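Notes to accompany the following structure.
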Amino acid sequence: MSRPVRHPSALNPVIVGMRSGSDELPALERALELATQRHTHLVVVHVIPATSGFAIAVPTAAGAVALTREELADRCHLDCELALAGADLDWSFEIRAGDAATALADAAHRHRAACVVVGRHDHKTSIGRFRCTAIRLAETSDRPVLVVPLRDTRAAAFDQPHHDS
């Protein structure tokens, strides 16, 4: 099966920022869709904090397990391999260290990316404002940023008629 001839602009890959976990899959799915439509490469970027002694508790069936940076990166890579197993496009996985927004902006610039896709995470700061990676990335990147909302039961409820009791 031959692939369609690429337009020169399709040579710019799609970048997607990924952390480990199923809540990141909507961003990966949207990035895959964009890269497939453009017949271009997908670059998955996993950013680990640059702090020493980093570990995070990850929920499992048996409870929370502390994972190191390397274990989280391996888990993220495996999640991507499983999610992209049937995809008919070239993709790569990069690990970067530091601030997520800065690392993603740097990766997008270095790859001359068509865009950067990230998931939206609502993390409040101490003053109650949302300062997620997506906002900081949009403020600093020289590439377009697509922010994909997480899957949420509220979205399904929006489609249902509201009945007052």
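In my numbering, the protein residues as written are 45 to 209. For every residue, glycine included, the Cβ atom is placed at its ideal position computed from N, Cα and C. Only a predicted model underlies this, so the values are computations on that prediction, with no experimental measurement involved.
For residue 133, no beta strand (DSSP E) encloses it, and the DSSP letter there is neither H nor E. Counting every other CB atom within 10 Å of its CB across the protein chains shown gives residue 116 a total of 16 or more, marking it as buried.
The Cβ atoms of residue 144 and residue 184 do not sit closer than 8 Å to each other.
A Cβ-Cβ separation of about 6 Å places residue 70 in contact with residue 163 under the 8 Å criterion. Taking all protein chains shown into account, residue 148 has 16 or more neighbouring C-beta atoms within 10 Å of its C-beta and is therefore buried. Non-local C-beta neighbours of residue 121 in its own chain, meaning closer than 6 Å and more than five positions away in sequence, comprise 137, ordered along the chain.
About 12 Å separates the CB atoms of residue 189 and residue 58; that is not less than 8 Å, and the two are not in contact. Per DSSP, reduced to three states, the secondary structure at residue 121 is helical. Each of 194, 186, 158 and 118 was checked against the Cα of residue 78, and the nearest Cα belongs to 158. Nearest to residue 141 by alpha-carbon distance, out of 151, 134, 133 and 132, is 151.
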